[in-house]
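In the numbering used here, the protein residues as written are 10 to 270.
Right, one structure below, let's go through it.
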């Protein structure tokens, strides 16, 4: 037990140091449409610790959420993504791409989240119509009216919204229909065994049908094989993200990949 406590304390200290010394980097994973090719990316934070090497997000993100360090990390991610959008605006081959940024429940619930986001867009001169915010269902279960007000304020300037990992949480469908959403993302846990597990296939089919009936886009995460993609396409999902197309890449590698795709 003491070893576990010590490891947590050491990781928190290292995470604080990482924030101070800017040890983070954004990687970009392609989002691909059957019709239009690469239409955007998801920005994924990576931490390179001088002593530990690359630290898995699965290891440090939960700690960051618990300690509140997710707030400065999330702010840095949003700022960096917006800077990248502004840079791509001057590159004809990249200017059409959107960037999706994950926003934690704790970050979204901050009273000044909307004003901070607007200030970031103004400071970086990024096009808000190219920015997509991905929220998990956990964001939606507390203070529904506040969530709706914030989303509408950001939607008004062109920011898009997606529900990430849809179907893994507990959100009410009657609540979701009130949200200014653009897209639902089918969680990779359903996609992984979609060809072998009838329940995963049924859930994916239901999400796609619901998104279509509500006028929303739908994207499948964790697509790794052509067979998975073809099956999803047969259900009516035509936008994907996963290793079939590309793993998350640092910016230079992503740009090189995108120009070849």
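No residue lacks a Cβ here, since even glycine has one placed at the ideal position from N, Cα and C.
Proximal residues to residue 92 (C-beta, below 7 angstroms), its chain only, five neighbours per side dropped: 133
Supposed contact pair residue 145 and residue 114 - C-beta distance, whole angstroms, cut 8 angstroms: 7 angstroms
Given 8 angstroms, three or more beta-carbon pairs between the region 191-209 and the region 229-238: yes
Nearest-angstrom Cβ-Cβ length linking residue 142 and residue 112, presumed shorter than 8 angstroms: 5 angstroms
Bridge partner(s) assigned by DSSP for residue 63: 57
Cβ-based neighbour list, residue 32, same chain, cut-off 7 angstroms, excluding 5 preceding and 5 following: 56, 57, 58
Candidates 27, 172, 82, 174: closest to residue 61 by CA position: 27
Through-space distance from residue 219 to residue 194, alpha-carbon basis: 12 angstroms
Residues that residue 193 bridges to, as DSSP identifies them: 172, 227
Residues near residue 36 by beta carbon distance below 7 angstroms, same chain, minus five either side: 53, 55, 257, 258, 259
Complete runs of the alpha helix (DSSP H) confined to the region 12-87 [at least 4 residues]: 66-76
CA-to-CA distance, residue 21 to residue 67, given in whole angstroms: 14 angstroms
Reference residue 24, options 40, 63, 264, 248, closest by Cα: 63
Beta-carbon gap between residue 49 and residue 109 smaller than 9 angstroms: yes
Cβ separation of residue 94 and residue 140, assumed to be a contact under 8 angstroms, to the nearest whole Å: 6 angstroms
Start-to-end residues for the beta strand (DSSP E) that takes in residue 109: 107-112
Cβ contact check for the region 238-248 and the region 39-48: 3 or more pairs under 8 angstroms: yes
CA-to-CA distance, residue 184 to residue 267, given in whole angstroms: 37 angstroms
Residue closest to residue 65, alpha-carbon to alpha-carbon, out of 158, 156, 34: 34
DSSP-derived helix/strand/coil call for residue 252: coil
Length of the line joining the Cα atoms of residue 264 and residue 106: 11 angstroms
Span separating the alpha-carbon of residue 10 from that of residue 80: 28 angstroms
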